[in-house]
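Participant: Following the UniProt record's numbering, the numbering of the sequence shown begins with 1 at its first residue and continues without gaps.
For each residue, glycine too, the CB sits at the ideal point set by N, CA and C.
These numbers were taken from a predicted model, which means no experiment stands behind them.
Here you go, one structure.
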Amino acid sequence: MSTNTNACQDSEWELVRPHITRLYYDQSKPLREVRRIIHEKYNFDATPRMYKYRLQKWGLEKKFREKEVVQMALLKKQRDATGKQTKFIFRGRPVQWELVERYLYRRPDLQTKIKAGMLSMGDAIPDLVCRSPSPEPVLHVSNTLQYSDELLRLLRGYYESTFRAHTISSRSSADLATTTDIGSSIRCYRKLDQARAMILTKRMGFGFRILNRSLDDLRESMKNQDATLVFYLCDIASAFDQRHQELASTVNRHVCDLLLTTFGDAHPLVLLLRRLVRLSDDDRYHVIATVLEAVVDAFKQINGDNRTVERLKCHYFLLLDSMGLRDTNTRASFPVMDSTSIDAVSVAYLARLADRLSLRGHYEEADLELDMVFDWLQNPECRRETCWADLQLHYYHLRAHGSFLRGQFDEGKIWLKKVVEHSNQYFPDV
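Structure below.
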């Protein structure tokens with residue numbers, strides 16, 4: 001092949017075109033590195049200007065124009081509001097959404113205009129296709145169980161590699177329980193619970209907006225790699241049943257994309273969620289129960305019976321109860337908490353327990369849990385917690401919900417008014 005940069009013929013370019021496409025577009029390598037690899041492997045030389053001309057001719061440019069970014073961002077915003085998952089094809093190739101996000105990050109002025117609704121979609125771009133991803137076929141549980149041992153080994157390996165380092169270091173187990181930003185996890189569940197309630201009562205527009213914000217908080221939890229991350233993933237995977245099958249599939253695919261972007265396609269959490277997405281509801285619930293029980297056991301072996309294990313047990317219990325895999329004696333079998341050191345995470349779990357008790361008609365027991373939540377919320381030191389406003393809002397929601405369930409509508413309206421007032425003060429954008 002020619003090494004003279006002035007003598008590269010069309011036929012020579014066609015020979016290296018697949019390799020350039022793979023390196024530059026599929027693997028996102030910079031042009032300088034692509035040129036070096038192509039030269040070393042195929043003895044092919046061309047100037048950067050020649051490469052750029054060919055990349056443009058082949059439709060392999062990574063950089064988008066402003067109008068293309070605006071069109072995609074507005075389309076995605078419009079579809080997100082209705083709960084639709086979005087996939088873009090540009091010049092015959094799938095768009096890597098992180099490239100669009102990177103463009104907007106470098107253009108905060110453009111990002112502000114899009115969020116404020118100051119821009120409108122222009123004429124259709126011929127090379128741009130927007131559609132929903134095709135759903136994966138449902139996987140029968142027998143096909144999943146043959147991989148369950150491998151999956152459990154991967155999850156144990158993930159917890160070993162991610163969290164054993166904390167015990168080897170000078171940090172104590174108590175430190176481990178507080179090193180990550182628990183606020184994002186608490187906000188994630190509070191918004192997920194609110195979104196689910198809105199969607200189930202047909203308030204779709206509001207529900208989808210809250211759901212999208214819940215997934216934004218989930219993204220932060222992924223970065224922090226909190227010990228309970230796998231539990232929150234299972235929360236989301238089981239949030240919507242067969243009554244909202246399309247929505248459940250859309251949400252799960254979106255979360256899977258977030259995991260993929262954050263961790264890569266070989267990460268145990270990505271493999272887990274991919275399997276869960278393809279199961280029927282009943283099969284999904286039983287696989288979740290098996291996996292989470294193994295996670296709790298694995299974490300016991302890594303860190304002993306510490307505060308983090310207590311939290312994992314609580315989350316495990318509440319997930320099983322919400323999936324109908326627990327008996328009716330909810331409070332008696334709830335993991336014992338250390339009442340002398342109740343913190344924000346403990347309060348979040350007590351609030352969720354109160355919700356489960358109310359739904360079962362155990363109102364007096366629910367009130368006892370909410371009284372503990374109230375005591376924590378009234379503590380001046382606790383009001384400094386970053387997630388205090390979220391927990392206070394959740395408390396008002398639960399009081400209102402419990403009142404309506406008992407038929408105490410006047411009292412429920414009083415609590416509902418507190419929900420509105422608190423939201424206006426602390427969450428004016430909702």
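1. Taking 8 Å as the cut-off, decide whether the C-beta atoms of residue 373 and residue 347 are in contact.
2. Pairing CB atoms from the region 57-70 with CB atoms from the region 232-242, are three or more of them under 8 Å?
3. Give a yes or no on contact between the region 109-117 and the region 276-290, applying the rule of three or more CB pairs nearer than 8 Å.
4. How big is the Cα-Cα spacing for residue 247 and residue 259?
5. Tell me whether residue 460 is buried or exposed, calling it buried when 16 or more other Cβ atoms sit within 10 Å of its Cβ.
6. Between residue 183 and the rest of its own chain, which residues show a CB-CB distance below 7 Å, the 5 nearest in sequence each way excluded?
7. Between the alpha carbons of residue 341 and residue 365, how many angstroms are there, rounded?
8. To the nearest angstrom, how far is it from the Cα of residue 217 to the Cα of residue 336?
9. Does DSSP classify residue 108 as helix, strand or coil?
10. From the DSSP output, read off the bridge partner residues of residue 93.
11. Just tell me which of 250, 352, 402, 357 has its CA closest to the CA of residue 80.
12. Using only CA atoms, which one of 360, 47, 33 lies nearest to residue 41?
13. Do the CB positions of residue 25 and residue 31 come within less than 8 Å of each other?
14. What residues in its chain sit with their C-beta under 7 Å from that of residue 122, if we drop five residues either side in the sequence?
15. How far does the beta strand (DSSP E) with residue 393 in it extend, from its first residue to its last?
16. Nearest to residue 300 by alpha carbon, out of 290, 312, 38?
17. Count the other CB atoms within 10 Å of the CB of residue 105; is the residue buried (16 or more) or exposed (fewer)?
18. Name the DSSP bridge partner or partners of residue 130?
19. Going by other Cβ atoms of all chains shown within 10 Å of its Cβ, with 16 needed for buried, is residue 192 buried or exposed?
20. With a threshold of 6 Å on Cβ separation, who are the neighbours of residue 262 within its own chain once the five nearest residues in sequence on each side are excluded?
21. Nearest-angstrom Cα distance between residue 44 and residue 38?
22. Count the C-beta pairs between the region 404-419 and the region 373-382 that are closer than 8 Å, then say yes if the count reaches three, no if not.
23. The alpha helix (DSSP H) with residue 424 in it runs from where to where?
24. Since residue 186 and residue 73 should fall inside the 8 Å C-beta cutoff, what is the C-beta to C-beta distance between them, to a whole number of angstroms?
25. Does the distance from the CB of residue 269 to the CB of residue 230 come in under 8 Å?
26. Could you check if residue 425 is buried or exposed, using at least 16 other CB atoms within 10 Å of its CB as the buried criterion?
27. Could you tell me the distance, in whole angstroms, from the CA atom of residue 273 to the CA atom of residue 208?
28. Whole angstroms is fine: what's the gap from residue 129's alpha carbon to residue 59's?
29. By a C-beta neighbour count over all protein chains shown, 10 Å radius and 16 as the cutoff for buried, is residue 76 buried or exposed?
30. Got a sec? Which residues, its chain only, sit under 8 Å from residue 252 by beta carbon, not counting five neighbours each side?
31. Rounded to whole angstroms, what's the CA-CA distance from residue 199 to residue 17? Just pull it up for me.
32. Have a look at residue 178 and residue 307 and give me their C-alpha separation to the nearest angstrom.
33. Comparing alpha-carbon positions, which option in 264, 321, 298 lies nearest residue 285?
Facilitator: On the basis of the supplied data:
1. To locate residue 373, count along the sequence shown from 1; it is residue 373. To locate residue 347, count along the sequence shown from 1; it is residue 347. Contact flag set, yes.
2. no
3. no
4. By one-based count along the sequence shown, residue 247 stands at place 247. By one-based count along the sequence shown, residue 259 stands at place 259. So the alpha carbons of these two residues sit roughly 18 Å apart.
5. Look at the range of the chain in this structure, 1 to 430, and you will see that residue 460 is not part of it.
6. The residue given as residue 183 occupies position 183 in the sequence shown. These residues qualify, in order along the chain: 386, 387.
7. Working through the sequence shown from its first residue, we reach residue 341 at position 341. Working through the sequence shown from its first residue, we reach residue 365 at position 365. The alpha-carbon atoms of residue 341 and residue 365 are separated by roughly 21 Å.
8. Along the sequence shown, one-based indexing puts residue 217 at 217. Along the sequence shown, one-based indexing puts residue 336 at 336. Whole-angstrom Cα-Cα distance: 28 Å.
9. Counting from 1 along the sequence shown, the entry for residue 108 is found at position 108. In this structure, residue 108 counts as helix in the three-state DSSP scheme.
10. Start at 1 with the first residue of the sequence shown, and residue 93 comes out as number 93. DSSP, once it has assigned bridges, lists 90 as partnering residue 93.
11. For this step, residue 80 is matched to residue 80 along the sequence shown. Closest option to residue 80, Cα to Cα, is 250.
12. Position 41 of the sequence shown, counted from the first residue, corresponds to residue 41. Minimum Cα distance to residue 41 is reached at 33.
13. By 1-based counting over the sequence shown, the position of residue 25 is 25. By 1-based counting over the sequence shown, the position of residue 31 is 31. Their beta carbons are not under 8 Å apart, which means residue 25 does not touch residue 31 by this criterion.
14. What you label residue 122 is simply residue 122 of the sequence shown in a count that begins at 1. Closer than 7 Å at Cβ, skipping near neighbours: 67, 71.
15. Here residue 393 refers to the residue found at position 393 when the sequence shown is read from its first residue. Residue 393 -> not in any beta strand (DSSP E); alpha helix (DSSP H) instead, spanning 388-405.
16. By 1-based counting over the sequence shown, the position of residue 300 is 300. Checking every option, the nearest Cα to that of residue 300 belongs to 312.
17. The count along the sequence shown starts at 1 and reaches residue 105 at position 105. It is exposed - the Cβ of residue 105 has fewer than 16 other Cβ atoms within 10 Å.
18. Translated into positions along the sequence shown, residue 130 becomes position 130. Per DSSP, 88.
19. Numbered from 1 along the sequence shown, position 192 holds the residue referred to as residue 192. By the 10 Å Cβ count, residue 192 comes out buried.
20. Indexing the sequence shown from 1 puts residue 262 at position 262. Once the five neighbours on either side are set aside, the close Cβ partners of residue 262 are 222.
21. Taking the first residue of the sequence shown as position 1, residue 44 is located at position 44. Taking the first residue of the sequence shown as position 1, residue 38 is located at position 38. When rounded, the distance between both Cα atoms is 6 Å.
22. no
23. Sequence index remark: in the sequence shown, residue 424 carries index 424 (1-based). 409-426 is the extent of the alpha helix (DSSP H) around residue 424.
24. Residue 186 sits at position 186 when you count from the first residue of the sequence shown. Residue 73 sits at position 73 when you count from the first residue of the sequence shown. Wrong, their Cβ atoms sit about 29 Å apart, outside the cutoff.
25. Position 269 of the sequence shown, counted from the first residue, corresponds to residue 269. Position 230 of the sequence shown, counted from the first residue, corresponds to residue 230. Yes, the pair counts as a contact, with Cβ atoms nearer than the cut-off.
26. Indexing the sequence shown from 1 puts residue 425 at position 425. That one is exposed.
27. Here residue 273 refers to the residue found at position 273 of the sequence shown. Here residue 208 refers to the residue found at position 208 of the sequence shown. When rounded, the distance between both Cα atoms is 21 Å.
28. Walking along the sequence shown from the start, residue 129 turns up at place 129. Walking along the sequence shown from the start, residue 59 turns up at place 59. C-alpha separation (whole angstroms): 14 Å.
29. Along the sequence shown, read from residue 1 onward, the residue named residue 76 stands at position 76. Buried, because 16 or more other Cβ atoms sit within 10 Å of the Cβ of residue 76.
30. One-based indexing of the sequence shown puts residue 252 at position 252. Excluding positions up to five away in sequence, the list reads 236, 237, 273, 276, 277.
31. To locate residue 199, count along the sequence shown from 1; it is residue 199. To locate residue 17, count along the sequence shown from 1; it is residue 17. Looking at the two C-alpha atoms, the distance is approximately 49 Å.
32. In the sequence shown, counting from the first residue as 1, residue 178 sits at position 178. In the sequence shown, counting from the first residue as 1, residue 307 sits at position 307. Confidence at residue 178 is low in this model, with a pLDDT of 42, below 50, so the placement of that residue should be treated as unreliable; the coordinate-derived value is given next. In a straight line, the C-alpha of residue 178 is about 9 Å away from that of residue 307.
33. By one-based count along the sequence shown, residue 285 stands at place 285. Measuring from the Cα of residue 285, the nearest candidate turns out to be 321.
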